[in-house]
């Protein structure tokens, strides 16, 4: 594998890349004989390796009559290759080595990437830098140093592009996965509005394509036309996948010569067809037919947006000057003189974003998007005119060198001190960047730099922002209320018409206005005082970085934790503050008033803080169950200035009636919109609510919001700030005295009274007793949503129990790939399938989450079946495989910190947990290393297995779609429609079930076996016999196995068919059971939670977290940095 190959034909294109000051990686750009270009990255310190390949073909290349082809091919390449024919071989290999993979399809590129452990052995020091002796000796016992996992991953990865199989028996399942992904997006306004913009573009430019695809576009419609579907995907791959259109990035510990040998060996066989780059220069996305038009679109979420789209030059070749960034800096500015400051003062808008959007080779838009208030919606014409007044002001003067210098200087500072990103994010992003043909390879890492002041290019770009060169979109649920069309793919209601002549004339006048005709509030920004000026870092080499912050102040008012950065050496710092108070969330009303208060503070600071934000210094204010959090992070030299302004604004807030009305209405919309979010985004909120002692959900907060006035908040917030305890973490390029001064500044400005420790709020969890089997059901609010969602939680014990915590983590590692493969890939339950650990209020467990069109009862049964099957797999697992899982989990826990913020967040998580377990990684590695297979079997049997209902504790949350089949009452439909629905449901369930067991279903043969069965009457015996005959005669399944499969299948029908009015006797039977009556899987009857308050009152609660050490052990002693 590592022997030298003949490198005569490998062309080395670049080795000296511009790179950040602290980047210790080595780079090399090569081109293989087949014209595949690769960037090799040697990172001697990485614990994660990665590969990514970007193919210069995407949805723009879809056939007109098969939308989604490029996306479907992306899915299908994962399903087996000639060299590795097993459909999940690639993901199994990655999972066994602490890795994962993903891919995405864009308009002109398809990007594939993976991440994996950089070596079979863990790094020689822990991320904490401590416990190297104890942890490393354990790790050396676990594994022997062998070849890098990266080579095996690259070998499997390369085969996607050499000999993919497009396996016939996976085709239908993956097309259904594409369909499920599309259905996941159907109620997303981002997808809906983007597609509307595309669908109303030039039909001769591929920007108009529907890119995701669906089962209908990729299967049903082509079949009706007599198309051989699999052949079409193979043809697409052969026609568009060529080595000369591929850009590969490989990152690993290996030296550049070794990586070059691997890439040459593994990727030289990728066929080169010398394909030209796809371009569409003859047709623009918008023609005269699309310009001068206005769209009124009705969204799913309650939002009000004004979008202006200008056709704009493709600036991809202007890699040194980035003229569009000059314009986006000014038009998108939020400080005094800006468009936003002007329209916000009028009460018309809450936010604005602007910038160029690359569409494809030769095409781009300049987009201006404005978030409107209720008044702003009524005045959208005035808002539009304000934009053109500002553009007229820019046209009146030459591009300003001082403005360019500010943006250029910040781009240089940000690049100079750029910290490492995760390996796969690096490789994926760079493989996409490499598709820029005009980009010098030495600049691959530095595309963010603005090197040249190109006045002509700026003026050329500005010249496209004309009154006769744009299209306008108004998004609102209420205005104008006369939508007369529906978009084809997502069903978005809209109205499309020319901009009225009178309005068009007003816009022209604004665009051509003289200085005296424009609002005087519109002007260029002032010079930015927040640009960092002190970028020195005192670097003191240390043998071992500190594993925890030190407690440098500890009294009844303030705890200040501090660590001067000794690892990343950047001129940045992170400041976390919690104002701990018991009243912040004592009731939903208080919680909402606190939320309104912090939103008003942030609203008042928009103009002031914008300069800081674009200078790499940001802040945020949030509220939660134990207090108010203030975060300030970025370049440290002016951090104290921003913090002071934030604190003074909190203390001296003027609650103006006009701004209160706007902020309250914005919060109300946010609450309403939450109910229309993706079900899998909602479900965890209910799970945590049902596990925590105290907390409030969206509907409780909404009930309180309407009754809160500006006067209420004026009276409330001084009480909120009257008494609290301060917890502070200062981490980064800050000296100890400065850290102490920050704590004193908080006290001096806010002047709180002491909050005794006995009054501090405590996070506690509900204790679910052994034998629990609770189910909580809610109907989703969005009537158009088709997806149900289940979160199936097994509650295990205290997260501070280290052996128990290790077992949960190892279980998550062992089940991650099998759960995804079984529940998503094989059974096609839905696009969204997660499994893993869950921790809430220091109580740990294991969860499985599935979003699906199938009913939640059916999903519950399939998760039970999966767990029972995994219990068998665990019993049969070899010691080698078991040790491999341990090694993979240990590698995950030992993953190195990539940047300052990752370390800060780790510290803050331990502080806010109040366990202060800063050495948790080392303890986890030690606990994982001692686990045996019998340990895990006993753990699984007691806490996880459905066959142990008397010992495990389970909570399932079911979110049920209004439009799901479970909501369809057979009595409300005509008899023939009901029968068709029932038969279709039966066929769908059995197909998914048999696919999950590895049976390639012949739909026609299955239908023939059931054509004489009384489905509506629930004739269980006839169903059993039909299924048995299908399996034994049509599929040649051995009799005993067929018997077991029939028993399991009837159990599924017993769970799922009642949703369409069919009562199948027999009850649920889980995988591997013999079907002897209901409940053969041992799962007890679930208890439905109907009154949450009573339910919580009936439960015991956990104690609060226990510190792992006395806090005096963290107090500082000895020499300081």
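Numbering (the UniProt record's numbering), first residue to last: 1 to 1121. C-beta: ideal position from N, C-alpha, C; glycine also.
In three-state terms, what does DSSP make of residue 63?
coil
Pull up the DSSP beta-bridge partners for residue 358, would you.
364
Spell out the partners DSSP gives residue 650 in its beta bridges.
Beta-bridge pairing links residue 650 to no other residue.
If you draw a straight line from the alpha carbon of residue 925 to that of residue 811, how long is it in whole angstroms?
15 Å
So, at 6 Å on beta carbons, what are the nonlocal neighbours of residue 351 in its own chain, with the 5 sequence-adjacent residues on each side left out?
371
Which ranges would you report for the beta strand (DSSP E) in the stretch 808–862 if only whole runs of at least 3 residues count?
832–840, 843–852
Just how far apart, CA to CA, sit residue 607 and residue 645?
12 Å
Does the pairing of the stretch 303–315 with the stretch 429–442 give three or more beta-carbon distances under 8 Å?
no
DSSP on residue 385, reduced to helix/strand/coil?
helix
At which residues does the alpha helix (DSSP H) containing residue 170 begin and terminate?
168–185
I need the boundaries of the beta strand (DSSP E) containing residue 252, first residue and last residue.
246–252
Given this structure, state the Cα-to-Cα distance separating residue 243 from residue 354, to the nearest angstrom.
36 Å
Beta-carbon spacing of residue 690, residue 955 below 8 Å:
yes
On the criterion of 16 or more Cβ atoms from any shown chain inside 10 Å, does residue 277 qualify as buried, or is it exposed?
exposed
Are the CB atoms of residue 503 and residue 381 within a distance shorter than 8 Å?
yes
Have a look at 700, 580, 636 and flag the residue whose alpha-carbon is nearest the alpha-carbon of residue 625.
580
Checking contacts by CB at 8 Å: is residue 618 closer than that to chain C?
In summary, chain C is missing from the structure at hand, where a single protein chain is found.
Where the beta strand (DSSP E) through residue 559 begins and ends:
558–564
Secondary structure at residue 225, three-state DSSP: helix, strand or coil?
coil
Can you grab the Cα-Cα spacing for the pair residue 1076 / residue 1050, in whole Å?
Bear in mind that a pLDDT of 30 at residue 1076, under 50, signals an unreliable position, so the model cannot answer this.
Near the ligand PLP: residue 639 beta-carbon under 7 Å from a heavy atom
For the ligand PLP, the structure offers nothing, since it holds no ligand at all.
Within 8 Å, do at least three Cβ pairs link the stretch 889–902 to the stretch 566–581?
yes
State the start and end residues of the unbroken beta strand (DSSP E) segment that holds residue 676.
Per DSSP, residue 676 belongs to no beta strand (DSSP E) and is neither H nor E.
Cβ-based neighbour list, residue 680, same chain, cut-off 7 Å, excluding 5 preceding and 5 following
789, 832, 849, 851
May I ask which residues mark the beginning and end of the beta strand (DSSP E) holding residue 1030?
Careful: residue 1030 lies outside any beta strand (DSSP E) and carries neither H nor E.
Collapsed DSSP secondary structure at residue 933 in the structure displayed:
helix
Report the residue from 795, 598, 189 whose alpha carbon sits nearest the alpha carbon of residue 767.
795
Confirm, please, whether the CB-CB distance from residue 389 to residue 518 is below 8 Å.
yes
Counterpart residues of residue 624 in DSSP-defined beta bridges
627
8 Å Cβ cutoff met for residue 1029 and residue 1009:
yes
Write down the C-beta distance between residue 997 and residue 1045 rounded to the nearest angstrom, noting that I regard them as a contact closer than 8 Å.
6 Å
When burial is assigned at 16 or more other CB atoms within 10 Å of the CB, is residue 179 buried or exposed?
buried
Thinking C-beta only, is residue 326 closer than 8 Å to residue 365?
no
On the three-state DSSP scale, how would you describe residue 877?
coil
Residue of 663, 618, 119, 597 minimising C-alpha distance to residue 651:
597
Give the list of continuous beta strand (DSSP E) stretches no shorter than 3 residues that lie fully inside the stretch 733–817.
773–779, 788–798
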